[in-house]
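Engineer: Below you will find the structure I want to go over with you.
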Amino acid sequence: MAKMELLTDLACKNAATEGVKIRKLHDGRGLYLWVYEDGRKYWRLRYKIHDKEKSISLGVYPVVGLKQARQLAQAERVKLISNIDPSIDRQINKQKAKEAAANSFEAIAREWYTKQMHTWVISHTKDVLRRLELNVFPFIGMYPISAIEAPQLLNMIRIIEQRGSYDLAHRVLGVCGQVFRYGISTGRCSRDPSGDLRGALTPHKKKNQAAVKPEELPELLRAIATYECIGDRQTQLALKLLALTFVRTNELIGASWEEIDTDNALWIIPSTRMKMKNEHVVPLTSQAMNILAELKNIAGNSRYLLPGRNPNKPISNNTLLFALYRLGYKGKMTGHGFRAVASTALNESGLFSPDAIERQLAHGERNEVRGAYNRAEYLPERKRMMMWWSNHIEALEKGAEVIPLFSKSV
269 MAKMELLTDL
279 ACKNAATEGV
289 KIRKLHDGRG
299 LYLWVYEDGR
309 KYWRLRYKIH
319 DKEKSISLGV
329 YPVVGLKQAR
339 QLAQAERVKL
349 ISNIDPSIDR
359 QINKQKAKEA
369 AANSFEAIAR
379 EWYTKQMHTW
389 VISHTKDVLR
399 RLELNVFPFI
409 GMYPISAIEA
419 PQLLNMIRII
429 EQRGSYDLAH
439 RVLGVCGQVF
449 RYGISTGRCS
459 RDPSGDLRGA
469 LTPHKKKNQA
479 AVKPEELPEL
489 LRAIATYECI
499 GDRQTQLALK
509 LLALTFVRTN
519 ELIGASWEEI
529 DTDNALWIIP
539 STRMKMKNEH
549 VVPLTSQAMN
559 ILAELKNIAG
569 NSRYLLPGRN
579 PNKPISNNTL
589 LFALYRLGYK
599 GKMTGHGFRA
609 VASTALNESG
619 LFSPDAIERQ
629 LAHGERNEVR
639 GAYNRAEYLP
649 ERKRMMMWWS
659 NHIEALEKGA
669 EVIPLFSKSV
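Right, dumping it as structure tokens:
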């Protein structure tokens with residue numbers, strides 16, 4: 269019998285079907301190069317196990333060259349020595365890879381995120397996803413969640429700290445901890461390694477948002493009264509409304525006209541837009557209603573109280589902050605600062621109960637059952653309080669003397 273000639277690189281390169289649909293070029297010991305009419309070429313290995321003839325693919329030529337194809341074929345032959353069927357082994361490994369991908373940190377995190385997002389306000393929902401996609405998934409997202417250990421997690425956090433983002437590092441670790449605990453509860457991992465990093469992160473000092481002192485409020489209000497000289501009327505009115513209602517900036521920016529109950533002089537902010545996911549009621553005083561009437565004329569047909577250049581979208585989150593900058597209050601005052609000033613003044617007045625003040629500040633009720641029924645809690649007192657505050661603001665803007673506030677005598 270003539271000795272079979274093995275394939276060469278040149279023979280593989282020049283191989284053609286020569287008039288047949290599929291031409292099979294043998295390289296020995298079951299390795300073949302299949303050549304198709306359209307020029308495609310594939311490596312296949314034929315083998316016999318348990319008295320059955322079978323074959324598997326070893327890749328596409330020329331991505332897999334002759335030398336590599338022989339190496340791959342030999343690796344499969346080694347399995348046959350141990351009575352392992354290469355085809356079945358490949359199916360098992362494919363299934364394992366599929367399961368590993370389904371149980372990767374990213375897959376579990378996105379599953380957790382989907383289940384949690386309906387409980388969050390839109391801004392927080394976006395923040396969580398952005399933190400995961402930028403700071404977590406590129407580093408540990410592809411690993412099985414059960415295989416991630418504390419050192420690997422710490423290396424990821426160190427990258428964030430190297431940017432000087434110490435607060436973000438703590439927040440990202442907190443989110444990872446929630447994902448691991450979700451993984452434990454759903455049977456995809458057995459422990460939360462984020463807990464092992466206690467004390468390993470660089471401490472960060474929480475910064476309070478800038479706010480003027482109560483005695484500096486009159487000057488700020490008078491500055492806002494002049495804002496129309498350097499900016500637009502809508503922004504000026506927005507700052508005034510923020511001072512009167514002391515809601516969170518994003519709650520004002522995203523406000524729509526359907527939330528305003530003009531008949532009852534109430535602004536009802538839906539739970540979906542509130543930080544603590546509880547519907548919030550803001551009593552509207554005559555001063556606030558006058559501002560809203562003027563804003564309505566400016567807004568036209570827009571559904572938003574404060575439409576941006578595109579009437580279908582509200583103003584930017586930075587609009588009010590930059591307006592305060594233009595008034596000379598950069599680093600001295602933020603939109604959130606009106607909440608701090610109002611809280612201080614209302615508590616020091618001694619005229620209103622702390623519970624009513626806290627409810628109007630929407631410092632949320634943590635008990636979900638209680639929180640579901642607290643929309644109108646203390647509402648009569650809150651209406652009197654908002655009227656007092658509006659009159660106080662109006663008087664300060666007009667130049668009334670700031671009288672120190674003291675608690676009621678017992």
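Our numbering puts the last residue of the sequence shown at 678; the count rises by one with no breaks.
Cβ coordinates follow ideal geometry from the N, Cα and C atoms, glycine included.
Taking DSSP's pairing of strands, which residues face residue 536 in a bridge?
Structural biologist: For residue 536, which the question treats as bridged, DSSP gives the partners 549.
Engineer: For residue 292, write down the residues that DSSP places opposite it in a beta bridge.
Structural biologist: For residue 292, which the question treats as bridged, DSSP gives the partners 302.
Engineer: Throw me the rounded Cβ distance for the residue 491 and residue 589 pair, which I believe falls under 8 Å.
Structural biologist: Between residue 589 and residue 491 the Cβ distance is about 15 Å, and since that is not below 8 Å, they are no contact.
Engineer: Return the first residue and the last residue of the alpha helix (DSSP H) that residue 380 is part of.
Structural biologist: It spans 373-384 - the alpha helix (DSSP H) in which residue 380 sits, taken as one unbroken run.
Engineer: Do residue 448 and residue 408 have their C-beta atoms closer together than 8 Å?
Structural biologist: No, the pair does not count as a contact, with Cβ atoms beyond the cut-off.
Engineer: Among the candidates 650, 324, 631 and 458, whose CA atom is the shortest distance from the CA of residue 356?
Structural biologist: Nearest of 650, 324, 631 and 458 to residue 356, Cα basis: 324.
Engineer: Among 623, 500 and 619, which residue has its Cα nearest to the Cα of residue 592?
Structural biologist: Residue 592 has its Cα closest to that of 500, out of 623, 500 and 619.
Engineer: Decide if residue 389 is buried, meaning its Cβ has at least 16 other Cβ atoms within 10 Å, or exposed.
Structural biologist: Classification for residue 389: buried.
Engineer: Looking at the strands, I want to know which residues DSSP matches up with residue 529.
Structural biologist: 534, per the DSSP bridge assignment.
Engineer: What are the complete beta strand (DSSP E) segments, minimum 3 residues, inside the region 308-338?
Structural biologist: Here the runs fully enclosed are 309-317 and 320-329.
Engineer: List the DSSP bridge partners of residue 411.
Structural biologist: DSSP, once it has assigned bridges, lists no residue as partnering residue 411.
Engineer: Taking the straight line between their C-alpha atoms, what separation do you get for residue 623 and residue 453?
Structural biologist: So the two alpha carbons sit approximately 37 Å from each other.
Engineer: For residue 622, which of helix, strand or coil comes out of DSSP?
Structural biologist: It is helical.
Engineer: Give the straight-line distance between the Cα atoms of residue 502 and residue 563, rounded to the nearest whole angstrom.
Structural biologist: Using only the alpha carbons, I get a separation of about 7 Å.
Engineer: Distance, Cα to Cα, residue 744 vs residue 653?
Structural biologist: Only positions 269 to 678 of the chain appear in this structure, which leaves residue 744 out of reach.
Engineer: Using a threshold of 8 Å, state whether the C-beta atoms of residue 582 and residue 522 are closer than that.
Structural biologist: Going by C-beta atoms, residue 582 is nearer than 8 Å to residue 522.
Engineer: Is it buried or exposed for residue 495, if we count other Cβ within 10 angstroms and need 16 for buried?
Structural biologist: Residue 495 is buried by the Cβ-count criterion.
Engineer: Would you be able to state if there are at least three C-beta pairs under 8 Å between the region 658-669 and the region 557-577?
Structural biologist: The region 557-577 vs the region 658-669: no contact.
Engineer: Over the uninterrupted alpha helix (DSSP H) stretch that includes residue 395, give me the two end residues.
Structural biologist: Run containing residue 395: 390-403, per the alpha helix (DSSP H) assignment.
Engineer: So, is residue 604 buried or exposed, given that buried needs 16 or more other C-beta atoms within 10 angstroms?
Structural biologist: Residue 604 should be labelled buried.
Engineer: Count the other CB atoms within 10 Å of the CB of residue 618; is the residue buried (16 or more) or exposed (fewer)?
Structural biologist: Classification of residue 618: exposed, given that the 10 Å Cβ count is below 16.
Engineer: Would you verify that the beta carbon of residue 518 is, or is not, closer than 8 Å to some beta carbon of chain B?
Structural biologist: Looking at the structure shown, chain B is missing, and only one protein chain is on hand.
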